[in-house]
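Presented below is the structure to which this report refers.
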Amino acid sequence: MALGVHKNTPVKGIQGDLGWWSFTAREAVAKLSYEGRLLRLPDTNLAHWALIHTIYSGISTWWTRRTANLRHCYEVSPESIASAAAQPVSTRAARIRAQVTKVQTREWLQGAKAKPCLDLYSATKTTIVREKFFDNSLGSGLLEEARLEVLRTRVWRAKFTAGLDTTCTACGAAEETTSHVVLECPAVAPAPESHPISCSRF
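Numbering (the UniProt record's numbering), first residue to last: 1 to 202.
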């Protein structure tokens, strides 16, 4: 698993914190941008001529079906051949990327909110962007588990093990929850600061 987290860590959380795009989203940007570049080629170009012929003839090929499906999935509006050819390549590619990013972020956030353990996470993390404090070390893996409310504390393990004692093994003064271990437990070194800290910061 990425970051060294355990197998029950929600993928939506890992995707959001590492800034990963889905394979389909990357495919959509690549294929639809490439199609725009083909339309701007001169009429003497064989690839341009074949694409135009396919469009005007209404021939169903794997390429036309796949690009149509990607447009539908990411709500990229189709363009006429004339308007697509008139646009600068960079402008068309930027528009496609922005639209794909918008739809992917919306679907990712919906998926994150559907996970009960990601309630706090999805309330504060609203974009898919890489967080700079992850370095693939053991500590960053534990931090990710804590952020996603799947740190293997006694309270978390009690969901799967009946009758498990949930008292903190380090201090014995409270239940061993994620917020207690990260923010409150005096037996953890270094000890948390004495002033209250919002859980949304870790």
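The beta carbon of each residue, even a glycine, is placed where N, CA and C say it ideally should be.
With respect to the alpha helix (DSSP H) encompassing residue i, which residues constitute its N-terminal and C-terminal limits?
i	result
Asn69	62-74
Ile55	46-57
Glu131	First-last for Glu131: undefined, no H or E at that position.
Leu120	119-124
Ser33	23-39
Gln87	Taken as a continuous stretch (DSSP letters only), Gln87 belongs to no alpha helix (DSSP H), as it is neither H nor E.
Ala11	The question names Ala, yet the displayed sequence has Val at residue 11. Start and end: 11-18.
Whole-angstrom Cβ separation of residue i and residue j, contact assumed at under 8 Å?
i	j	result
Gly36	Val89	6 Å
Cys73	Thr127	With 8 Å as the limit, Cys73 and Thr127 do not qualify as a contact, their Cβ atoms being about 20 Å apart.
Arg92	Ser33	7 Å
Using the three-state DSSP reduction, which class does residue i fall into: helix, strand or coil?
i	result
Glu149	coil
Ile197	Residue placement at Ile197 is flagged as unreliable, the pLDDT there being 44, under the threshold of 50; the coordinate-derived value follows with that caveat. Coil.
Glu175	strand
Thr101	helix
Thr167	strand
Pro78	coil
Ala114	coil
Are residue i and residue j closer than 8 Å when you measure CB to CB?
i	j	result
Trp156	Gly16	no
Glu145	Thr9	yes
Lys12	Lys132	no
Leu39	Ile81	yes
Cys168	Ala162	no
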